[in-house]
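Heads up: the sequence shown is residues 996 to 1067, going by this note's numbering.
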Amino acid sequence: RGVKQTAMNSLVLRLPLESLTVRIPVAVQVTGIGRSKLYELIGAGELEVVKVGASTLITVASLRRFIEKSRR
């Protein structure tokens, strides 16, 4: 292994393990919001999504923002 590879491995080990995006079923599970409501929120622009092929991924940051602003 070269120095470059070792440096890259070191960098990867320091990255946070938190997901940047989650699939719809995971978003349902972690938020308690129903699948249909999540799609409504996506359609209304309340949640940010990333499309990768046929997969719809919701950004964790937008889920956090939505939950925080919805708190009473």
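The beta carbon of each residue, even a glycine, is placed where N, CA and C say it ideally should be.
Asked: Chain-order list of residues whose beta-carbon lies under 8 Å from that of residue 1017 (same chain, five-residue window excluded); Found: 1025, 1052, 1053, 1055, 1058
Asked: Proximity below 8 Å, CB of residue 1041 to CB of residue 1061; Found: yes
Asked: For residue 1052, the three-state DSSP class (helix, strand or coil); Found: strand
Asked: Rounded straight-line distance, which links the Cα of residue 1037 to that of residue 1044; Found: 7 Å
Asked: Endpoints, the beta strand (DSSP E) within which residue 1018 is located; Found: 1016-1018
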